[in-house]
Amino acid sequence: MASGKKRNLLGLSLPPTVKEDAGDPMIFNVPEVSLEEKLMKMALSEPQKQRMHEWMTTKESIGALNADNVEIIEQLGQGNGGVVSKLRHIPTNVIMAAKMVHLEVKPTIRNKILQELEILHKCNSPYIVGFYGAFTVNNDISICMEYMDGLSLDIIVQRSGRIHENITGRISASVVKGLSYLKDEHKILHRDVKPSNMLVNSRGEVKLCDFGVSGMLINSLANSFVGTRSYMSPERLNGSEYSVQSDVWSFGISLVEISIGRYPIPAPSKEEFIRIFNVPENQIILPDGFSWPKENPSTPITSPGELAIFELLEYISKEDPPFLPLGIYSPDLVQYTTKCLKKNALERPNLKQLKNEPFYLKYENVEDNFEVVEWIQRILNTSNH
Numbered sequence: 017m018a019s020g021k022k023r024n025l026l027g028l029s030l031p032p033t034v035k036e037d038a039g040d041p042m043i044f045n046v047p048e049v050s051l052e053e054k055l056m057k058m059a060l061s062e063p064q065k066q067r068m069h070e071w072m073t074t075k076e077s078i079g080a081l082n083a084d085n086v087e088i089i090e091q092l093g094q095g096n097g098g099v100v101s102k103l104r105h106i107p108t109n110v111i112m113a114a115k116m117v118h119l120e121v122k123p124t125i126r127n128k129i130l131q132e133l134e135i136l137h138k139c140n141s142p143y144i145v146g147f148y149g150a151f152t153v154n155n156d157i158s159i160c161m162e163y164m165d166g167l168s169l170d171i172i173v174q175r176s177g178r179i180h181e182n183i184t185g186r187i188s189a190s191v192v193k194g195l196s197y198l199k200d201e202h203k204i205l206h207r208d209v210k211p212s213n214m215l216v217n218s219r220g221e222v223k224l225c226d227f228g229v230s231g232m233l234i235n236s237l238a239n240s241f242v243g244t245r246s247y248m249s250p251e252r253l254n255g256s257e258y259s260v261q262s263d264v265w266s267f268g269i270s271l272v273e274i275s276i277g278r279y280p281i282p283a284p285s286k287e288e289f290i291r292i293f294n295v296p297e298n299q300i301i302l303p304d305g306f307s308w309p310k311e312n313p314s315t316p317i318t319s320p321g322e323l324a325i326f327e328l329l330e331y332i333s334k335e336d337p338p339f340l341p342l343g344i345y346s347p348d349l350v351q352y353t354t355k356c357l358k359k360n361a362l363e364r365p366n367l368k369q370l371k372n373e374p375f376y377l378k379y380e381n382v383e384d385n386f387e388v389v390e391w392i393q394r395i396l397n398t399s400n401h
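Here the sequence shown is numbered in my numbering, starting from 17 and rising by one per residue.
Structure follows, in structure tokens:
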């Protein structure tokens with residue numbers, strides 16, 4: 017295996033080392049439901065049902081995972097306290113992705129974290145990255161997931177620039193369906209919605225990963241991972257109770273980011289929008305209720321890491337939220353993102369309300385994803401050259 021640091025092609029966020037005082041585990045009480053009942057309740061298309069059955073059959077053939085029945089093919093990325101690798105399950109030849117996290121905890125605490133991760137076995141949805149299992153070796157835990165042969169949205173934006181609205185629409189519909197599945201079926205809030213946790217495969221499917229099922233890992237991320245704080249809602253930064261509207265804020269920030277091609281805080285000025293889209297000034301129309309931010313004389317911010325954390329938190333808490341201008345984007349998308357980014361959580365829609373928005377309804381049929389397949393294939397072909 018080649019040495020050296022590689023890009024995290026899967027976009028899996030890597031939590032730092034987990035301390036014993038990271039927090040109490042979250043308790044889940046999820047009743048057993050057959051796969052057929054789950055599929056019927058999700059009202060999936062026939063192709064989706066078929067792929068879900070294929071996935072479950074493959075998963076059952078794998079059984080329990082351990083360090084002796086998998087081998088590393090290549091390292092996909094590394095970050096604070098962990099490594100993401102592409103693995104092969106030796107008995108079945110199934111390819112998977114594994115995130116290894118180092119745990120400086122006693123065996124009893126490590127076992128509690130493994131118990132928390134068991135809920136992932138129950139999360140079976142076309143909009144959620146599948147879970148094969150987890151195992152420990154000494155102080156390391158490996159979380160083995162479905163291998164997505166595409167890229168994460170943050171890497172796509174870095175490589176190819178902003179994403180066109182018709183693709184963004186299909187991405188957004190899949191993300192809302194995934195968030196709704198987690199909340200409605202398992203009472204889980206994602207807690208870490210961002211482009212790096214939205215993965216695409218060559219079938220044009222968009223799936224969520226790294227959602228909050230382990231209280232210890234969640235607290236570790238929230239306390240020390242800047243990338244996560246960058247997408248936090250104002251109320252979460254101020255210490256208020258977390259709600260589904262907090263996920264909606266993070267979703268809105270993510271939509272604006274992939275639409276303009278950069279992390280949207282500070283919000284782009286009118287001059288920057290003109291440069292981004294190379295259009296005349298009269299084509300950039302300010303939505304009602306917004307004013308243009310002043311032109312930043314310095315180089316525009318392109319990622320959360322370029323802004324000091326105290327500056328970032330102050331901006332999110334005190335300044336107007338980012339927005340998309342009319343004239344470049346459809347009124348439906350502008351309205352959709354504007355509602356997601358209401359500073360007051362009580363004014364922000366929940367997931368059911370988002371599903372009634374015209375922008376969502378336009379792209380609700382995510383099976384009609386031929387454009388997404390063509391789009392991701394072009395990006396993958398470009399990446400391989």
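We put the CB at the ideal spot given by N, CA and C, even for glycine.
Rounded to a whole number of angstroms, what is the C-alpha to C-alpha distance between residue 357 and residue 288?
On the sequence shown, residue 357 is found 341 positions in, with the first residue counted as 1. On the sequence shown, residue 288 is found 272 positions in, with the first residue counted as 1. Each residue's alpha carbon lies about 20 Å from the other.
Just to confirm, are residue 365 and residue 269 a CB contact at a threshold of 8 Å?
Locating residue 365 in the sequence shown gives position 349, where the first residue counts as 1. Locating residue 269 in the sequence shown gives position 253, where the first residue counts as 1. No, these two residues do not count as a Cβ contact at 8 Å.
Can you round the beta-carbon distance between residue 202 and residue 138 to whole angstroms, since I take them to be within the 8 Å contact cut?
By 1-based counting over the sequence shown, the position of residue 202 is 186. By 1-based counting over the sequence shown, the position of residue 138 is 122. Indeed, because the Cβ distance is near 7 Å, the residues count as touching under 8 Å.
If you compare alpha carbons, which of 150, 218, 136 and 226 is closest to residue 212?
Translated into positions along the sequence shown, residue 212 becomes position 196. It is 226 whose Cα lies nearest to the Cα of residue 212.
Does the beta-carbon of residue 105 have 16 or more other beta-carbons within 10 angstroms, so that it is buried, or is it exposed?
Counted from its first residue, the sequence shown places residue 105 at position 89. Label assigned to residue 105: buried.
Quick check: what's the CA-CA separation for residue 394 versus residue 176?
Here the question's residue 394 lines up with position 378 in the sequence shown. Here the question's residue 176 lines up with position 160 in the sequence shown. Taking the straight line from one Cα to the other gives about 10 Å.
I'd like the list of long-range same chain contacts for residue 187, defined as Cβ closer than 6 Å, with 5 residues on each side in sequence excluded.
As a first step, residue 187 must be located in the sequence shown, where it is residue number 171. Around residue 187: 222.
How is the alpha helix (DSSP H) around residue 355 delimited, first residue to last?
As a working mapping, residue 355 is identified with position 339 in the sequence shown. Segment 347-356, the alpha helix (DSSP H) holding residue 355.
Rank 74, 110 and 341 by C-alpha distance to the C-alpha of residue 89 and give the top, closest one.
Along the sequence shown, read from residue 1 onward, the residue named residue 89 stands at position 73. Selected option, being the one with the closest Cα: 110.
Indicate the three-state DSSP secondary structure (helix, strand or coil) for residue 185 in the structure shown.
Here residue 185 is taken as the residue at index 169 of the sequence shown, counted from 1. Here residue 185 sits in helix by DSSP.
Report yes or no: do the stretch 252-269 and the stretch 153-170 share at least 3 C-beta pairs separated by less than 8 Å?
Output reads no: the stretch 153-170 does not touch the stretch 252-269.
Is the beta carbon of residue 273 less than 8 Å from the beta carbon of residue 153?
Reading the sequence shown from its first residue, position 257 is the one you call residue 273. Reading the sequence shown from its first residue, position 137 is the one you call residue 153. No, Cβ-Cβ distance for residue 273 and residue 153 is not below 8 Å.
Given a cut-off of 8 Å on the beta-carbon distance, is the pair residue 285 and residue 309 in contact?
Taking the first residue of the sequence shown as 1, we reach residue 285 at position 269. Taking the first residue of the sequence shown as 1, we reach residue 309 at position 293. Result yes, Cβ atoms of residue 285 and residue 309 sit closer than 8 Å.
Applying the 10 Å Cβ sphere with the 16-neighbour rule, what's the burial state of residue 250?
Counting from 1 along the sequence shown, the entry for residue 250 is found at position 234. Answer is buried; the Cβ neighbour count reaches 16.
Using only CA atoms, which one of 114, 87 and 107 lies nearest to residue 99?
The count along the sequence shown starts at 1 and reaches residue 99 at position 83. Closest by alpha carbon: 114.
When you compare the CB positions of residue 220 and residue 392, do they come within less than 8 Å of one another, or not?
Position 204 of the sequence shown, counting from 1, holds the residue named residue 220. Position 376 of the sequence shown, counting from 1, holds the residue named residue 392. The answer is yes: Cβ separation under 8 Å.
Please return the same chain residues whose Cβ sits closer than 8 Å to the Cβ of residue 350, not counting the five positions on each side in sequence.
For the purposes of this step, residue 350 is taken as the residue at position 334 of the sequence shown. So the qualifying residues of the chain are 303, 339, 340, 341 and 342.
In the DSSP assignment, find the unbroken alpha helix (DSSP H) run with residue 115 in it and report its ends.
The residue given as residue 115 occupies position 99 in the sequence shown. Unbroken run through residue 115 is the beta strand (DSSP E), 110-118; no alpha helix (DSSP H).
Just curious, the alpha helix (DSSP H) that residue 223 is in, first and last residue?
If you number the sequence shown from 1, residue 223 lands on position 207. That residue, residue 223, is in no alpha helix (DSSP H); its beta strand (DSSP E) goes 222-224.
Quick one, which of 190, 132, 68 and 108 has its alpha-carbon nearest residue 377's?
Looking up residue 377 in the sequence shown gives position 361. Comparing Cα positions, the closest option is 190.
Residue 64: beta carbon under 7 Å from a heavy atom of the ligand SAH?
This structure lacks the ligand SAH; in fact it carries no ligand of any kind.
Expressed to the nearest angstrom, what Euclidean distance is found between the alpha-carbon atoms of residue 329 and residue 194?
Within the sequence shown, residue 329 is the residue found at index 313, counting from 1. Within the sequence shown, residue 194 is the residue found at index 178, counting from 1. Going from the Cα of residue 329 to the Cα of residue 194 covers about 28 Å.
Assuming residue 161 and residue 147 make a contact with CB atoms under 8 Å, what is their CB distance in whole Å?
Position 145 of the sequence shown, counted from the start, is the residue given in the question as residue 161. Position 131 of the sequence shown, counted from the start, is the residue given in the question as residue 147. Contact flag correct, Cβ pair sits at about 6 Å.
Starting from residue 253, trace the alpha helix (DSSP H) in both directions and tell me its first and last residue.
The count along the sequence shown starts at 1 and reaches residue 253 at position 237. 250-253 is the span of the alpha helix (DSSP H), which, as asked, contains residue 253.
Does the Cβ-Cβ distance between residue 352 and residue 375 come in under 8 Å?
Counted from its first residue, the sequence shown places residue 352 at position 336. Counted from its first residue, the sequence shown places residue 375 at position 359. Cβ distance < 8 Å, so residue 352 and residue 375 count as in contact.
So, with DSSP's three-state summary, where would you put residue 287?
In the sequence shown, residue 287 corresponds to position 271, counting from 1. Three-state DSSP puts residue 287 in a helix.
Use the C-beta contact count for residue 1: other C-beta atoms within 10 angstroms, 16 or more gives buried, fewer gives exposed.
An answer regarding residue 1 cannot be provided, because it is not within the stretch 17 to 401 covered by the chain.
Need the endpoints of the beta strand (DSSP E) that residue 151 sits in, please.
Within the sequence shown, numbered from 1, the residue matching residue 151 stands at position 135. Unbroken beta strand (DSSP E) run through residue 151: 147-153.
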